[in-house]
Amino acid sequence: MSTENDRPRGSVMDYLRLFRLPNVFTAIADTSMAFAVASVDVPNVAAFLLLILATSLLYTSGMVLNDTFDFEQDLKERPDRPLPAGRIDRQTAKQLGISMLAAGMVAAPIAIWLQGGNVISAAIFVGCLAATIYIYDAGGKRTVAGPYMMGACRMLNILAVFCVADDFGFVSEHGIATDKIMIAGGIGVYIAGITWFARTEAAEASHRGRLSFALLHMLVGISLLMLFPEWSQGERKWFLGSESQFFLLILILAIPVARRAAIAIANPAPGKVQAVIKQGIFSLIVFDAGITLMVAPWYFAIAILLLLIPTIILGTWIYST
1209 MSTENDRPRG
1219 SVMDYLRLFR
1229 LPNVFTAIAD
1239 TSMAFAVASV
1249 DVPNVAAFLL
1259 LILATSLLYT
1269 SGMVLNDTFD
1279 FEQDLKERPD
1289 RPLPAGRIDR
1299 QTAKQLGISM
1309 LAAGMVAAPI
1319 AIWLQGGNVI
1329 SAAIFVGCLA
1339 ATIYIYDAGG
1349 KRTVAGPYMM
1359 GACRMLNILA
1369 VFCVADDFGF
1379 VSEHGIATDK
1389 IMIAGGIGVY
1399 IAGITWFART
1409 EAAEASHRGR
1419 LSFALLHMLV
1429 GISLLMLFPE
1439 WSQGERKWFL
1449 GSESQFFLLI
1459 LILAIPVARR
1469 AAIAIANPAP
1479 GKVQAVIKQG
1489 IFSLIVFDAG
1499 ITLMVAPWYF
1509 AIAILLLLIP
1519 TIILGTWIYS
1529 T
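In this text, residue positions in the sequence shown follow this note's numbering: the first is 1209, and each later residue adds one.
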């Protein structure tokens, strides 16, 4: 009979791979962008840092739980990963994932409270986020709703951060904040597209129709981001310039990932599809920086853009898909 001491402990690198560490910085970028868009009068540094921690915990919990539920599949398709290779115990990973999920659920509303935002609204969004993460990992990802659940996770995280300044994430003193809905929804639809790509990453050859469908989602999501300034309500200072300049900026930023996706559709080999997924995830940081450049001083956007450095460096030896 095995005991606690018999369980494989795993190295630090094994856990970093389990966490998909490079991707965590994209979640941090989302939170930083949302905090900038919320435009609180006096930002609370402690609240911001706690939000970053909460986001990191919630995101990482999803990665860990994903691998615990995918254990049997990974034994066949990805046997070198920490769990199927036996370097980390499956039960230990599940306990860790649930603990991270719970900690993130507690930390996020506390951060909103520290900033003086609406704690109840934040708790609702975070609760929905945690439930979506677990349901997705437990089997929702295998349904047609799976990609949209993944997109909803990103969207709910952003809406929760918006609660630092608004009554209900996308409700302001001017009514429904359509611009914030377009930002959160745009990121969500974009991620849904990337998830459609990811569904075929382990196949010998991906279906062109499904990949085209995935690219369509990505382009729709990017379009929503492009147009958010046009839907802004009330008086708002734009730091970049005009709405047309922002539109052009996001268009330019979208070209590399759209080009790589088009190449993968033309030649749907596993390596090319995986490259789209990786670049698409990393491009989130670039889009977040672009949005921040529109709503806040340039140095905030640069700070978000710098998250690319650890993302790319760590991504050279830690897989992100």
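Positions of the beta carbon are idealized from the N, C-alpha and C atoms, including for glycine.
The structure displayed is predicted, hence computed values, not measured ones.
Just so you know, the alpha carbons of Trp1439 and Glu1285 end up roughly 45 Å apart. The beta carbons of Ile1296 and Arg1228 sit no closer together than 9 Å. Out of Thr1500, Met1271 and Val1232, the CA that lies nearest to the CA of Phe1447 is found in Thr1500. Sixteen is the threshold: since fewer than 16 other Cβ atoms of the shown chains lie within 10 Å of the Cβ of Ser1307, the residue is exposed. Beta-bridge partners assigned by DSSP to Ile1521: none are found. Here Gly1270 has Ile1341 as same chain residues with Cβ atoms under 6 Å from its own Cβ, once five neighbours each way along the sequence are excluded. Listed as beta-bridge partners of Val1379 by DSSP are Ile1384.
Per the coordinates, the alpha-carbon of Gly1401 lies some 34 Å from the alpha-carbon of Trp1321. The Cβ atoms of Phe1495 and Val1369 lie no closer than 9 Å to each other.
If one requires a minimum length of 3 residues, no beta strand (DSSP E) run lies completely within the region 1241 to 1292.
The criterion of a C-beta distance shorter than 9 Å is not satisfied by Ile1399 and Gly1347. Pairwise C-beta distances place the region 1324 to 1336 out of contact with the region 1289 to 1303, as fewer than three of them are shorter than 8 Å. Distance from the CA of Asp1387 to the CA of Ala1497, rounded to the nearest whole angstrom, comes to 16 Å.
By the Cβ neighbour-count rule, Arg1467 is exposed, with fewer than 16 other Cβ atoms within 10 Å of its own.
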